[in-house]
Amino acid sequence: MFDVKAYIASLGNPEEIVRLDLSGRGITHLDEDTFEHLTQLKWLFLMGNQLTSLPPKIFENLTQLEALSLGWNQLTNLPPKLFENLTQLEVLSLGGNKLTNLPPKLFENLTQLTELSLMRNQLSSSPSSLPPNLLENLTRLEMLSLGGNQLTSSPYSCHPNLFENLTQLKWLFLDGNQLTSLPLVNENCLIGGREAIEQRMKDKEEHWRKWKYVNATLESLPPCPSNYAHLPVFTETFLGEVGGVDWVRGLEEFEELKGME
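Position in the sequence shown counted from 1, then plus 549, gives you my numbering.
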């Protein structure tokens, strides 16, 4: 069994560690004090392990963290205050887990967040799964993925305020659900269609080079009224067969990519 604490100790002074990659290590459990001395950590990768739960205060001291990947584990629930101290976090990946319900204030303090992946979980359109105020403080969010869940009606229809404060949202992914209607998001969100995707990729080629986009298939959705024409509905596939490895590891270049905005 991989000894996380021993590995961290082998890296030297914990207060000088800024990047920690623990992805694909077969980790099944983490103690609450595992990361307590990593006070300067900016990037933490825990993707592709076998975690089913996380201690409530495991990230308490990671106040400088900017990117966190918890994707592709087996998480079924998250403590309500798990991210409470991560006020500098900009990228959060929770995709590829087994999450069914999210605490209403889970993202309350993540006011710097720009990218959030909740793809390929078991989230539904019920208020207990996606609470109405879940995203209300994410005013800087630019990318949100809810693809590959169990949404059977639009989150907008169920919760009129769910996307209300996402005024900076540019990318919204809803593919792989069973939507019968579409959410209304801010008018600056990316216009759907291959041409728009290609133009956006030209504009931010380096920033998005870890993504691969495919044109959306809309046959299963009803015709959209004209005021919904701006809605971005895409099919997304991450590079890599294990779902997002290349994208998440690409966050190692996060500082450089931010400069390309």
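Built from N, CA and C at the ideal position, the CB exists for glycine as well. What you are looking at is a predicted structure, and each value in this text was computed from that prediction instead of being measured.
**Prompt:** What is the DSSP secondary structure of V553, counted as helix, strand or coil?
**Reply:** Residue state, collapsed to three classes: helix.
**Prompt:** Rounded C-beta distance between Q637 and L600? I'm assuming under 8 Å.
**Reply:** Between L600 and Q637 the Cβ distance is about 23 Å, and since that is not below 8 Å, they are no contact.
**Item:** Identity of the residue in T688, L614 and G697 nearest S672 by Cα
**Value:** Correcting the residue type first, residue 672 is Leu in the shown sequence and not Ser. Looking at T688, L614 and G697, the one whose alpha-carbon comes closest to that of L672 is G697.
**Message:** Quick check: T701 and Q717, are their CB atoms within less than 7 Å of each other?
**Reply:** Going by C-beta atoms, T701 is not nearer than 7 Å to Q717.
**Alpha-carbon spacing of E585 relative to I557, whole angstroms** = Each residue's Cα considered, the two are about 11 Å apart.
**Asked** Closer than 7 Å, CB to CB, is I566 near chain C or not?
**Response** The structure shown contains no chain C; it holds only a single protein chain.
**Request:** Tell me whether the beta-carbon of L590 lies closer than 7 Å to the beta-carbon of L614.
**Result:** Yes. Within cutoff.
**Message:** Relative to the C-alpha of M596, which candidate in G644, A555 and L679 has its C-alpha closest?
**Reply:** A check of alpha carbon separations from M596 across G644, A555 and L679 identifies G644 as the nearest.
**Request:** Report all residues from its chain with a CB closer than 8 Å to the CB of K647; omit the five preceding and five following residues, and keep chain order.
**Result:** Taking K647 as the centre and dropping the five residues before and after it, the same chain places the C-beta of Q623, L624, T625, N670 and Q671 closer than 8 Å to its C-beta, in chain order.
**Item:** S677 (DSSP reduced to helix, strand or coil)
**Value:** S677 carries a coil assignment under DSSP once its states are collapsed to helix, strand and coil.
**Request:** Per DSSP, which residues does W720 bridge with? Please list them.
**Result:** In the DSSP output, where bridge partners are listed per residue, W720 has M692.
**Asked** Under the three-state reduction of DSSP, which class applies to S559: helix, strand or coil?
**Response** For S559, the secondary structure class from DSSP, reduced to helix, strand or coil, is helix.
**Request:** Please work out which residues of its chain come closer than 6 Å, Cβ to Cβ, to G573, disregarding the five sequence neighbours upstream and downstream, and give them in chain order.
**Result:** Closer than 6 Å at the Cβ level, and outside the excluded window around G573, lie G597.
**Request:** Check E564 in the structure and name its three-state DSSP category.
**Result:** Helix, per DSSP.
**Asked** Just checking my contact of E691 with K719 at CB under 8 Å: how many whole Å lie between their CB atoms?
**Response** Between E691 and K719 a beta carbon distance of about 5 Å is seen, short of the 8 Å cut, so the two are scored as contacting.
**Prompt:** Can you pull the DSSP bridge partners for S666?
**Reply:** Paired residues: S642 and S694.
**Prompt:** Which of the three DSSP states, helix, strand or coil, is assigned to L593?
**Reply:** In the structure shown, L593 falls within a strand segment according to DSSP collapsed to helix, strand and coil.
**Prompt:** Relative to the alpha-carbon of W592, which residue among V640, E664 and L667 has its alpha-carbon at the smallest distance?
**Reply:** The option with the nearest alpha carbon to W592 is V640.
**Prompt:** On the premise that L603 lies in contact with L627, defined as a C-beta separation below 8 Å, what is that separation, rounded to the nearest angstrom?
**Reply:** Cβ-Cβ separation between L627 and L603: approximately 7 Å, consistent with a contact (criterion under 8 Å).
**Asked** Which term fits W621, buried or exposed, when burial requires 16 or more other beta carbons within 10 angstroms of its beta carbon?
**Response** W621 comes out buried.
**Message:** Alpha carbons only, please: which of P680, T663 and E664 is nearest the one belonging to D654?
**Reply:** The sequence shown places Lys at residue 654, rather than the Asp named in the question. Checked all of P680, T663 and E664; the closest Cα to K654 is P680.
**Asked** Between D570, S674, A616 and L571, which lies nearest to T649 when the distance is taken from Cα to Cα?
**Response** The alpha carbon of T649 has as its nearest neighbour, out of D570, S674, A616 and L571, the alpha carbon of S674.
**Prompt:** If you drop the 5 nearest sequence neighbours on each side, which residues of the same chain put their C-beta closer than 8 Å to that of T688?
**Reply:** Once the five neighbours on either side are set aside, the close Cβ partners of T688 are T660, N714, L715, T716 and Q717.
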